[in-house]
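Novice: Each residue of the sequence shown is one higher than the last, beginning at 4 in this note's numbering. By construction, the Cβ of each residue, glycine as well, lies at the ideal position given by its N, Cα and C atoms. Have a look at the structure that comes next, please.
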Amino acid sequence: MQMMKVLSEKRSQSFFKPLFAAVFAVFAVFASVASVQATTLSDIKKDGVLKVAVPQDFPPFGSIGSDMAPRGYDIDMANLIGEELGVNVELVPVTSANRIPFLTTGKVDLVISSLGKNPDRAKVIDFTDPYAPFFNGVFGPESSDVKNADDLDGKMIAVTRGSIEDLELTKIAPEGATLKRFEDNNGTISAFLSGQTDLIATGNVVAAAVAEQTSGRGLEVKFLIKNSPCFVGVAKGDTALIATVNEIIKKAKQDGRLNEISKRWLNAPLPADF
Numbered sequence: 004m005q006m007m008k009v010l011s012e013k014r015s016q017s018f019f020k021p022l023f024a025a026v027f028a029v030f031a032v033f034a035s036v037a038s039v040q041a042t043t044l045s046d047i048k049k050d051g052v053l054k055v056a057v058p059q060d061f062p063p064f065g066s067i068g069s070d071m072a073p074r075g076y077d078i079d080m081a082n083l084i085g086e087e088l089g090v091n092v093e094l095v096p097v098t099s100a101n102r103i104p105f106l107t108t109g110k111v112d113l114v115i116s117s118l119g120k121n122p123d124r125a126k127v128i129d130f131t132d133p134y135a136p137f138f139n140g141v142f143g144p145e146s147s148d149v150k151n152a153d154d155l156d157g158k159m160i161a162v163t164r165g166s167i168e169d170l171e172l173t174k175i176a177p178e179g180a181t182l183k184r185f186e187d188n189n190g191t192i193s194a195f196l197s198g199q200t201d202l203i204a205t206g207n208v209v210a211a212a213v214a215e216q217t218s219g220r221g222l223e224v225k226f227l228i229k230n231s232p233c234f235v236g237v238a239k240g241d242t243a244l245i246a247t248v249n250e251i252i253k254k255a256k257q258d259g260r261l262n263e264i265s266k267r268w269l270n271a272p273l274p275a276d277f
């Protein structure tokens, strides 16, 4: 009987040890997640530092200037949020590949890095309201009265072959419109700048560069083809920080500061429906 009792105890121990280990492992994972999400708004204000992931190789959103200092739309946005929170901003350079892992592991409090929203990303992080326009559209001189696809009738539009703009405009342009296709962005830009076409279909980032070369004609978006704005990335479930950043974005839109950032870096005001 004594031997059977000992064997029974050993079996119980051998059964419960893996079970306890599994439970402990699960607890450790939840504890780790909790520690990552512990960087709340109150913690940021207490520490006096907001850590923000920003791009360093994607102008005009983020790059290194001739003075070796970070510059761009996203850098200005990070500093604006820090100013509103009354804290210092620590800019953390990231790439497209590591910006979300930096957020989920607690290395940064926010990701302001021309970040788009999609279902896969929404599974691991949360997003604020959009803070920057990122879109494909038809652009032209301020004097042009084009407002929608129907107005392209009789117009010649420069477009890069196989691009989103090419594919979408092919579907919606009227028969009287002429899509003049080029093999790369440089060819498309050159054609518009040299007056070969009336309009250019491209992304707003490319359009910002084109606007600097229009010799006073001005360049504005006539209508959008596809809209994919930029959002601030926030740790999953950090509702207080999301709400606060949303209020800052709203305030900056209302008082014109966000519009000034857009004009400074994208050479265009925020779209009317932004």
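Using only the alpha-carbon positions, how far apart do residue 266 and residue 65 sit?
Specialist: In this structure, the alpha-carbon of residue 266 lies about 15 Å from that of residue 65.
Novice: How is residue 66 classed by DSSP in three states: helix, strand or coil?
Specialist: Correct three-state label for residue 66: strand.
Novice: Are the stretch 105-117 and the stretch 198-206 touching by the rule of at least three beta carbon pairs closer than 8 Å?
Specialist: no
Novice: Mind checking which residues open and close the alpha helix (DSSP H) that includes residue 246?
Specialist: 242-257
Novice: In the DSSP assignment, find the alpha helix (DSSP H) that holds residue 81 and state where it starts and stops.
Specialist: It spans 76-88 - the alpha helix (DSSP H) in which residue 81 sits, taken as one unbroken run.
Novice: In whole angstroms, give me the CA-to-CA distance for residue 230 and residue 223.
Specialist: 16 Å
Novice: Tell me, which residues are paired with residue 202 by DSSP?
Specialist: 160
Novice: Mind listing, in chain order, the continuous alpha helix (DSSP H) runs of no fewer than 4 residues lying wholly within the stretch 132-182?
Specialist: 167-175
Novice: Can you list, in chain order, the stretches of the alpha helix (DSSP H) that have 4 or more residues and sit fully within the stretch 202-237?
Specialist: 207-214
Novice: Can the beta-carbon of residue 180 be found closer than 8 Å to that of residue 158?
Specialist: Yes, they are a contact pair.
Novice: Out of curiosity, what's the CA-to-CA distance linking residue 274 and residue 110?
Specialist: 33 Å
Novice: Starting from residue 49, follow the alpha helix (DSSP H) in both directions and report where the run begins and ends.
Specialist: 44-50
Novice: Can the beta-carbon of residue 1 be found closer than 8 Å to that of residue 208?
Specialist: Because the chain here runs from 4 to 277, residue 1 falls outside it and cannot be looked at.
Novice: Please state whether the Cβ-Cβ distance between residue 251 and residue 87 is less than 8 Å.
Specialist: Taking 8 Å as the Cβ cut-off, residue 251 and residue 87 qualify as a contacting pair.
Novice: Under the rule that 16 or more other beta-carbon atoms within 10 Å means buried, what is residue 225, buried or exposed?
Specialist: buried
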